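First the structure, in the form of structure tokens, and then the observations on it.
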Amino acid sequence: MVVKAKRTGRPRKTSKRQDKQLKAICLENQKSTTKQMKHKWEEAGANVCDRTVRNRLKEMGFQYRKAKRKPSLTPKHKRTRLQWAKERQSWTVDDWMKVIFSDESRICIGQGDDAGTFVWCRSSEIYEEACLKKTTKFPQSLMIWGCMSGKGTGEMTVVNSSINAQVYIDILDSFLIPSFEQMFGDNEIIFQDDNASCHRAKTVKAFLGERHIQSMSWPMMCVTLFFSICTS
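Here UniProt numbering is used: position 32 in the sequence shown is 32, and no number is missing along the way.
Have a look at this one:
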């Protein structure tokens, strides 16, 4: 009887100790490229190629992903957001269906997003600080205002000037009120907008009060609703 013996195959290029060194190098700066990590690993004594670096990282559960975008938040922002969420954690779907959300958004014309930042991370780490790409305000371009709720989308308009309190009141009167009537009729609604200075002006508060519109408290610095613009 002839039985094939187990073949040794190609010897593994790195030891368990060296693999741990690579993991430490990766966690030190998760935005490093494989080539950068390869150089550091070679300084520690490893003799490898870029493919070996990628293979070892994948064995450890790391994948090269595009970093998630997230606004920079101060500790105060985080505390107020958490408190706001806890106050509404018992809200039902019906409660949220009464809310109509609105915001302005700048559309960058002729300036697409960059290729993005890629990071080595495991699936459970995509929102870890070391794996995020922080974002800032969009450069000035085309400004649009729109609103939406659980019942659907409301009116949308292009804003051709900078927004101050009076311009904002005109937008609410011309586009928000008709959206209310279309989606909710005479039913109770809650209006949400962000804390931009023009939104919190006394004249705007007076306008909402005259129209008997209930506003939602909003601790965030701003909230951006993403509007899909379809062009031919």
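Virtual Cβ for every residue (Gly too), placed ideally from N, Cα, C.
These figures come from a predicted structure and were not determined experimentally.
Measure the C-alpha to C-alpha separation of residue i and residue j and round it to an integer number of angstroms.
i: glycine 146; j: threonine 117; result: 30 Å
i: tyrosine 64; j: threonine 74; result: 28 Å
i: serine 124; j: cysteine 131; result: 11 Å
i: histidine 212; j: threonine 34; result: 59 Å
i: leucine 208; j: leucine 57; result: 56 Å
i: alanine 5; j: glycine 45; result: 34 Å
i: aspartate 170; j: methionine 183; result: 20 Å
i: isoleucine 144; j: alanine 165; result: 16 Å
i: aspartate 95; j: serine 179; result: 18 Å
i: threonine 153; j: serine 162; result: 24 Å
i: valine 99; j: valine 53; result: 50 Å
i: threonine 203; j: asparagine 29; result: 49 Å
i: proline 11; j: threonine 92; result: 59 Å
i: residue 258; j: alanine 85; result: Examination of residue 258 is not possible in this model, given that the chain is present from 1 through 232 alone.
i: cysteine 121; j: phenylalanine 62; result: 5 Å
i: aspartate 186; j: arginine 79; result: 36 Å
i: lysine 70; j: threonine 8; result: 48 Å
i: threonine 210; j: serine 90; result: Reading the sequence as shown, one finds glutamate at residue 210 and not threonine. In a straight line, the C-alpha of glutamate 210 is about 30 Å away from that of serine 90.
i: serine 197; j: leucine 27; result: 41 Å
i: methionine 1; j: asparagine 55; result: 39 Å
Kindly list the residues whose CB is nearer than 8 Å to the CB of residue i, restricted to its own chain and excluding five residues on each side of it in sequence; keep chain order.
i: glutamine 83; result: Pro219
i: histidine 199; result: Tyr168 and Asp193
i: glycine 150; result: Val93, Trp96, Met97 and Val99
From this set, the options, which residue's C-alpha is nearest residue i's C-alpha?
i: valine 167; options: Leu142, Ile189, Ala201 and Ser149; result: Ala201
i: phenylalanine 191; options: Ser217, Gln182 and Val3; result: Ser217
i: aspartate 129; options: Ile213, Lys31 and Lys16; result: Checking the sequence, you will find glutamate at residue 129 rather than aspartate. Among Ile213, Lys31 and Lys16, the Cα nearest to that of glutamate 129 is on Lys31.
i: serine 141; options: Ser105, Asp170 and Ala196; result: Ser105
i: methionine 60; options: Gln18, Ile100, Asn47 and Lys40; result: Gln18
i: lysine 13; options: Val3, Cys49 and Val93; result: Cys49
i: glutamine 21; options: Asn47, Lys70 and Gly185; result: Asn47
Which residues in the same chain have their Cβ closer than 7 Å to the Cβ of residue i, if we skip the five residues on either side of it in sequence?
i: glycine 110; result: Residue placement at glycine 110 is flagged as unreliable, the pLDDT there being 48, under the threshold of 50; a coordinate-derived value is accordingly withheld.
i: serine 72; result: Lys134
i: valine 223; result: Low confidence applies here, because valine 223 scores a pLDDT of 43, under 50, leaving its location unreliable and the question unanswered by this model.
i: isoleucine 25; result: Met37, Lys40 and Trp41
i: arginine 88; result: none
i: lysine 23; result: Met60
i: glutamate 101; result: The residue asked about is misnamed: residue 101 is phenylalanine in this sequence, not glutamate. These residues qualify, in order along the chain: Cys147, Met148, Ser149, Gln192 and Leu225.
Leaving out five residues before and five after residue i in sequence, what residues of the same chain have Cβ atoms less than 6 Å from its Cβ?
i: glutamine 214; result: Ile190
i: isoleucine 126; result: Lys68
* Decide yes or no for the touch test of the stretch 149 to 160 against the stretch 168 to 188: beta carbon pairs closer than 8 Å, at least 3 of them. => Touching, yes.
* Can you give, in chain order, each stretch of the alpha helix (DSSP H) that sits fully within the UniProt domain "Transposase Tc1-like" (21 to 89) and has at least 4 residues? -> 34 to 43, 50 to 59 and 75 to 87
* Asked: Going along the chain, which unbroken runs of the alpha helix (DSSP H) with 4 or more residues stay wholly within the stretch 171 to 212?
  -> Listed in chain order, the alpha helix (DSSP H) elements of length 4 or more contained wholly in the stretch 171 to 212 are 177 to 184 and 202 to 210.
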